[in-house]
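Enquirer: Sending over a structure as structure tokens; questions will come in a sec.
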Amino acid sequence: MGGPEVDRLVALLARLPGLGPRSARRAALHLLKNRGSLLEPLTAALERTAEAVKPCPVCGNLDTVEPCGICSEARRDRSTICVVEEVDDLWALERAGIFGGLYHVLGGALSALDGVGPEDLGIAGLVARASDGAVEEVILATNATVDGQTTAHYVTDRLEGCGVRVSRLAFGVPMGGELDYLDEGTLGAALKARRAV
Amino acid sequence: MEWSDRGIVLSARRHGESAAVVNMLTREHGRHAGLARGGAGRRLKGVLQAGNLVAARWRGRLSEHLGGYTMELERAVPAAFLHDANRLACLACACAVAERSLPERHPYPLLFDGFLALLDGLEGGSDHWDAVYVRWEVGLLDVLGFGLDLGACAVTGRNDDLIYVSPRTGRAVSASAGEPYRDRLLALPGFLIGKDIGGASDILAGLRLTGHFLERHLFAGERAGPPPARERFVARLGR
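Chains A and B supply the protein sequences, listed in that same order. The opening residue of the first sequence carries number 83 in this note's numbering; numbering runs sequentially from there. The opening residue of the second sequence carries number 295 in this note's numbering; numbering runs sequentially from there.
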């Protein structure tokens, strides 16, 4: 319609989460109509981001500095590492503002189906960090799925002998959750993980 | 085409943004794949955990189409033992073995019932869930045409003192007949021939036995070797 360049732009936009071919076409048209205020700044921002943002060699977070802002922040509690599957999990915890320690991004979870084995995850780096003597606790914040918990058990095994306390997030009733609407699995896990008040 | 059946979720692979291609072991329709719309979304993701028991409805225009699944959770099985590393490893192993070895759309009702028994055991119904799993693998070999013959000694025909299995034929061998070849024979754990479970070593011997024949008959070829989930499960029990 608008030449191969526009077709390529639409095809690339359509690969973004939340966009299909039609919405990608609309987004492309919107960008082209707002060249000065949107297309050119966006192009520049994408270029700068592609050049500057890299995975942190320590924790696996994405940032423009090495080590990342979290790893280099002096106020952080360096005795606790929270292990997450993906960067978006790290960002979710940071948004909540409830954790003041360091992170470690595994880069996924063990999955027989997708062929993800221990060597594909950042487990060796975690073991090295946990063994350096400064770390006292490793919190496993993997997803409450079969793959996530299988990964958590595997990481726990690998951390044996590192001299750190290993804990994991609790399972149970979410804030605002009504028991009537919860699935049996969540209810069962919540009942099992009950604690004295 | 449309049918309803009970199914055990073996795997769910994300497809596109919100859907998932689900592989299920059903009682009357065997291992059957289908597209679950919204399967990668918040509402269905929990339902599509491996090992969950669901009431599934499959619908497709033609029987050979991938078709679509709608489903309702019957039992969230893995939630009962997410904290137990061994049981979770066993479940992941069973799902991976079923997914790799079973042909699609061929019903094996007994194998499905065996899987249900395994899920019951894993949920806490049996202390010997690991033995249940080994028996399930023996059953898997059997229904796929590679059954072990553990009833009598391949050499003497007697059914007492059976402690070996021939790695070539899958037939039991008695202690006396197998003695000269003991290094080359596989150990036959007693619980597979009606005796009591002799502990963790018996379970590992059972897994070695079934593992040998699974690798030989079902995991050979292009993607050689057992699923990594099985290797991890065996390694975990062996520690």
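Heads up, the beta-carbon is just placed ideally off N, CA and C, and yes, glycines get one too. Computed from a predicted structure; not experimentally measured.
Quick one: what's got a C-beta closer than 8 Å to G199(A)'s C-beta in the same chain, skipping five residues either side?
Expert: As a working note, residue 199(A) is residue 117 in the first sequence. Closer than 8 Å at Cβ, skipping near neighbours: L192.
Enquirer: If you draw a straight line from the C-alpha of N225(A) to the C-alpha of L376(B), how long is it?
Expert: Counting from 1 along the first sequence, the entry for residue 225(A) is found at position 143. Counting from 1 along the second sequence, the entry for residue 376(B) is found at position 82. Their backbone Cα atoms lie some 11 Å apart in a straight line.
Enquirer: If you drop the 5 nearest sequence neighbours on each side, which residues of the same chain put their C-beta closer than 8 Å to that of V459(B)?
Expert: Within the second sequence, residue 459(B) is the residue found at index 165, counting from 1. Correct list, in chain order: L442, L444, R465, A466, V467, L479, L480, A481, L482 and L503.
Enquirer: Under a Cβ-count criterion, where at least 16 other Cβ atoms within 10 Å of its own Cβ denotes burial, should M318(B) be classed as buried or exposed?
Expert: Mapped onto the second sequence, residue 318(B) falls at position 24. Answer is buried; the Cβ neighbour count reaches 16.
Enquirer: Compare the Cα-Cα distances from S366(B) to each of L416(B), G340(B) and S357(B) and report the closest residue.
Expert: Reading the second sequence from its first residue, position 72 is the one you call residue 366(B). Position check: residue 366(B) holds Glu in this sequence, whereas Ser was assumed. Of the listed residues, the one whose Cα sits closest to E366(B) is G340(B).
Enquirer: Out of W352(B), R462(B) and G335(B), point me to the one whose CA is closest to L329(B)'s CA.
Expert: Residue mapping note: residue 329(B) aligns to position 35 of the second sequence, counting from 1. Minimum Cα distance to L329(B) is reached at W352(B).
Enquirer: In its own chain, which residues sit with a C-beta less than 6 Å from the C-beta of G472(B), not counting the 5 before and 5 after it?
Expert: Your numbering for residue 472(B) matches position 178 in the second sequence. Cβ neighbours of G472(B) beyond the five flanking positions: Y458 and L479.
Enquirer: Which residues in chain B sit within 7 Å of D265(A), going by Cβ to Cβ distance?
Expert: One-based indexing of the first sequence puts residue 265(A) at position 183. The contacting residues are G340, L367 and A370.
Enquirer: Which stretch, first to last residue, makes up the alpha helix (DSSP H) that contains H377(B)?
Expert: For the purposes of this step, residue 377(B) is identified with residue 83 of the second sequence, where counting begins at 1. Unbroken run through H377(B): none, as it is neither H nor E.
Enquirer: Determine, using beta carbons only, whether A96(A) comes closer than 7 Å to chain B.
Expert: For the purposes of this step, residue 96(A) is taken as residue 14 along the first sequence, with counting starting at 1. Judged by the 7 Å Cβ criterion, A96(A) is not in contact with chain B.
Enquirer: Are the beta-carbon atoms of R240(A) and V209(A) separated by less than 7 Å?
Expert: Against the first sequence, residue 240(A) aligns to sequence position 158. Against the first sequence, residue 209(A) aligns to sequence position 127. Yes; because the gap between Cβ atoms is below 7 Å, this pair is in contact.
Enquirer: Give a yes or no on whether 7 Å exceeds the smallest Cβ distance from H235(A) to chain B.
Expert: Within the first sequence, the letter at position 153 stands for residue 235(A). So, interface residue.
Enquirer: Tell me whether L113(A), by its Cβ, gets closer than 6 Å to a heavy atom of the ligand NAD.
Expert: What this structure holds is no ligand at all, so the ligand NAD is not there to describe.
Enquirer: Could you tell me how far apart the beta carbons of L342(B) and V303(B) are, in whole angstroms, since I believe they sit closer than 8 Å?
Expert: Stepping through the second sequence from its first residue, residue 342(B) is reached at position 48. Stepping through the second sequence from its first residue, residue 303(B) is reached at position 9. The pair is a contact, with the Cβ atoms about 6 Å apart (cut-off 8 Å).
Enquirer: Output yes if chain A places a C-beta closer than 7 Å to the C-beta of P397(B); else output no.
Expert: To locate residue 397(B), count along the second sequence from 1; it is residue 103. For P397(B), the answer is no, since every Cβ of chain A falls outside 7 Å of its Cβ.
Enquirer: Compile a chain-ordered list of the residues in the region 501-526 of chain B whose CB is closer than 9 Å to at least one CB of chain A.
Expert: Residues are counted here when their Cβ sits less than 9 Å from a Cβ of chain A; for the region 501-526 of chain B these are P521, P522, A523, R524 and R526, given in chain order.
Enquirer: From what residue to what residue does the beta strand (DSSP E) around H326(B) run?
Expert: In the second sequence, counting from the first residue as 1, residue 326(B) sits at position 32. H326(B) -> beta strand (DSSP E) spans G324 to A330.
Enquirer: Is there a Cβ of chain A sitting closer than 7 Å to that of A314(B), yes or no?
Expert: Position 20 of the second sequence, counted from the first residue, corresponds to residue 314(B). For A314(B), the answer is no, since every Cβ of chain A falls outside 7 Å of its Cβ.
Enquirer: Buried or exposed for S395(B), going by 16 or more other Cβ atoms inside 10 Å?
Expert: Numbered from 1 along the second sequence, position 101 holds the residue referred to as residue 395(B). With 16 or more Cβ atoms within 10 Å of its Cβ, S395(B) is classed as buried.
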